[in-house]
Structure formats: C-alpha cells, structure tokens
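Just so we're aligned, residue 1 is where the sequence shown starts under the UniProt record's numbering, counting upward by one.
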Amino acid sequence: MSDTPNMPAQAGAPAAAGNGSPKRKKILLTIAAIFILAGIGWGLYWFMYSRFYEETENAYVQGNVVQVTSQVAGTVTRIMADDTDIVKGGQQLISLDTADAEVAITQAEAQLAQTVREVRTLYASQAQSQANLRLRESELARVEDDLKRRKDLAGSGAVSAEEIRHAELAVKTAQAAVAAAREQLASGRALTEGTTPAEHPNVQRAAARLQEVMLAKARSTLYAPVGGEIAKRNAQVGQRITPGTPLMAIVPLDQLWVDANLKEAQLRHVRIGQPVKLVADLYGSKVEYDGKVAGLAAGTGSAFALLPAQNATGNWIKVVQRVPVRITLDPKQLQEHPLRVGLSMTVEIDVHDQSGEIIGSKSSHRTATSEDGVLKAAPAFLNSIDALAKSRSAAIIAANLK
C-alpha cells in the first residue's frame, strides 16, 4: 500500500528524459556545425590567403655600427659629441693633444735640413774626387817620364840600377794612387748619378718623414666617418689612447635593415625581391613599413654562434633551425618613422611571386661606404696635407741648397 503513490512519479521519469534528448542533440549538432564551419573557414583562409604569406615575430632591426678610432696615440683634450647626438659626415668629434706632434715636426724639419747639407757635401766631394784624379794622373805621367829618362841614361852608366828600381816603384805607387782615385770617383757617382740634390733619395726620405709627422698632427683631430647618431661614447677628457682604441660609435639611421629569423620550412617559397610588410612594436600596427627580401643568410644562426652545437652520435635531438632573412626598408618610410638597432618587428613576406633568386648575384642594400660622408672627402683631406708638406719641404730644401 505504501508503494502505490510512488508509481506515477517513476512512470514519469522516462517521459522527462525523452523530452530532453532532442534539445541536447540540437545543441551538440550546433556545436559540431560551428567547428565544421570554422574548419572550413580556416581551410579557405589558408588556401586563399595564408599559404601565400610567411610570418614571424622573430625579427629585429639591424644596422651598421661604425667605430670611431684614432690612428695616432695621444691624450684626449676635447670631446665635441656625446651619446644620442646626431652628427654629419666630416663633423669634428674628438681632439687630441698636438704637443708631441709639433715636436716631431720640428725634429723632422731639422733632419731634412741636415740631410740636404749632407747631400750637398756629397755632390761637392765629387768635384774634389775629380780634381784628385787629375792630380794623380799628372803625378803618374811625371814619374813615368822620369823612369823613361833614367832608362835612357842607364846605358851610359850615368844612372845606377838602384835609381831605376826606385823610379819603377814610384810609377807603381802612382798607378795605384790613380786607381784609388778612380774608384773613389766611381763610388761618389753611384750615390749622385742620375739625380739632383733636391731629388736625392736621402732628401726625399727626410721629406717623407716630415710629411708623415704632419699627417700625424692632422690626425689628432678625429672626424665623423659617416653621418648618424652617436652611441657608446667611451672617450673621456684626459684619457691617453693608443691607435685603434674604440672611442665612440656612430649608427647611420638611414642605413637600417631587418633580419627575420624564419624556420627552415618557411624558406621553401621565399625568394629575393619578394615584397614584405613590417610592423614595429615601437609604433604599433598603425605604422606599416614596406620592404623587400634582400637575401638569405649563408647559414643558420646556430652555425655562426660562438659555441656552435655539436650533435654527436647518441645524444642527437632534432631542433628546428632558423635562417636569417635580410629585408630592406623604404628610405622614405624610415625617415618618417625612424627605427633603432635591436627593435622587434613583425614580418609578413608575400610569396606569391616565386620567380626570384634564392642566392643573389649582387648586393641589394646600402652599407656605410665612401658615399656617406667624410670617407669620400678623405682623399681631398690627404691631398691638402700632402701639398702642405711638399711646400714646406721644398722651402727647407731651397733654403739649404744656397
């Protein structure tokens, strides 16, 4: 009797379950349809768009870091540029103390004057040697005549045999003196023949030494080899430096590029000249750069590492390698939105056109060369120092040849 009231409730349970089953199926079908449509959409997106683009966020701005070093030793007396300063090619950066260079110039001038006088003495000795040769030849002629007369008188007994022997000995002595005089004259001619006192090698060597020390003095002022922004200033006033000491660096901000580190599989369709879209984290997605693939590196990043991986037998684990791809930037866009070396970039390479080269036949990007500042003007600078040194040398030579 007590179980009778529970019968309707138990009978209604299957009915409730039956009523919820179609609703659950509908939800599951809806979810499945969403996933299927999403998969189809992703497939269409990949087929129509994504497969023609290679993307990576493993990309960084690179550039030339031009070191400013001294070619001469000296003490820093003045620094005219500091970190973050923008300089032009040929602008003065650092001055060194010129006291040592001025002393060296004075010594070189004195040495040149002394050399000219020594060469003058050398040329004057030639005339003396010629006169000495004529004297010895005349002495030889005299003793030969004396010997001849004594031999003519020997038959009559007027001249003894001993006198004849003395005369013969005098002739031999005179002949030796003539030979010595001729050798002395030839030796002097070897040092002076075919040249003038002003063009003598000894004089030219002393003049070159003067030019060298004058050039060293001119190099006591350091100029910017290229235009750009100063970075890593190491020089300090009063610092004693040696040739080759890094004093500061200059980064030409108009000569930047991007190295995108792509996975091996991503390089399959990458070719030189393909267009690239780039976004810098510095400016965000509102600023987009246009670039081109300039070339692919000759090896992976790990191959040129300081300590490359050694995959010996027994401990080998495959690791996906990345190859740096160099991308050039539009100079106008780079000027409007300057970048800095080391900034992160997002890169998207359009690989629709695969007709380009994998290995380039020539350089496709600018580097810091003689077209970028004082390096182009360096020959003119050296010519001016050379002309000044030659002028001063000529004046010293002329003054000491009088």
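Idealized CB from N, CA, C, for every residue including glycine.
By the 16-neighbour rule on beta-carbons within 10 angstroms, histidine 200 is buried. Residues of the same chain with a CB within less than 6 Å of the CB of glutamine 239, apart from the 5 flanking positions on each side, are Val76 in chain order. Here the alpha carbon of alanine 33 sits roughly 12 Å from the alpha carbon of glycine 41. Closest in alpha carbon position to glycine 244, among Gly74, Gly63 and Ile27, is Gly74.
Taking glutamine 184 as reference, the option from Ser138, Tyr123 and Arg142 with the minimal CA-CA separation is Tyr123. Counting only residues of its own chain and dropping the five nearest sequence neighbours on each side, alanine 216 has a CB closer than 6 Å to the CB of Val72 and Ala101. Residue ranges of uninterrupted alpha helix (DSSP H) with 4 or more members, entirely inside the region 328 to 362 and ordered along the chain, are 331 to 336.
Going by C-alpha positions, phenylalanine 35 is about 29 Å away from valine 351.
For proline 275, no alpha helix (DSSP H) run applies; the uninterrupted beta strand (DSSP E) run containing it begins and ends at 275 to 280, by DSSP.
Contact between valine 87 and glycine 228 holds: CB atoms are separated by about 7 Å, below the 8 Å threshold. Here arginine 189 is exposed. Its C-beta has fewer than 16 other C-beta atoms within 10 Å. DSSP places glutamine 239 outside any alpha helix (DSSP H), giving it a letter other than H or E. Just so you know, the alpha carbons of glutamate 139 and glutamine 126 end up roughly 20 Å apart. Alanine 198 is a Cβ neighbour of isoleucine 397, given a cutoff of 7 Å. A Cβ-Cβ contact shorter than 7 Å links proline 246 with asparagine 234. Taking C-beta atoms as the reference points, leucine 112 and alanine 206 count as a pair closer than 7 Å.
In the DSSP assignment, leucine 210 falls within the unbroken alpha helix (DSSP H) covering 201 to 218. Under the DSSP assignment, proline 246 falls in the beta strand (DSSP E) whose first and last residues are 246 to 251. Around the C-beta of serine 302, fewer than 16 other C-beta atoms lie within 10 Å, and the residue is accordingly described as exposed. DSSP places lysine 292 in the uninterrupted beta strand (DSSP E) bounded by 288 to 296. In this structure, DSSP gives proline 225 a state outside helix and strand, which the three-state scheme calls coil.
Of the candidates Asp281, Ala298 and Asp386, Asp281 places its Cα closest to the Cα of serine 344. Setting aside the 5 residues that flank it on each side, glutamine 354 is surrounded in the same chain by His269 and Arg271, each with a C-beta closer than 6 Å to its C-beta; the list follows chain order. CA-to-CA, the gap between arginine 136 and leucine 169 works out to about 15 Å.
Each residue's CA atom was taken as its position, placing tyrosine 223 and alanine 181 some 59 Å apart. CA-CA distance, isoleucine 250 to proline 338, rounds to 15 Å. Boundaries of the beta strand (DSSP E) harbouring threonine 56: 53 to 63, taken from the DSSP string.
DSSP places threonine 69 in the uninterrupted beta strand (DSSP E) bounded by 66 to 69.
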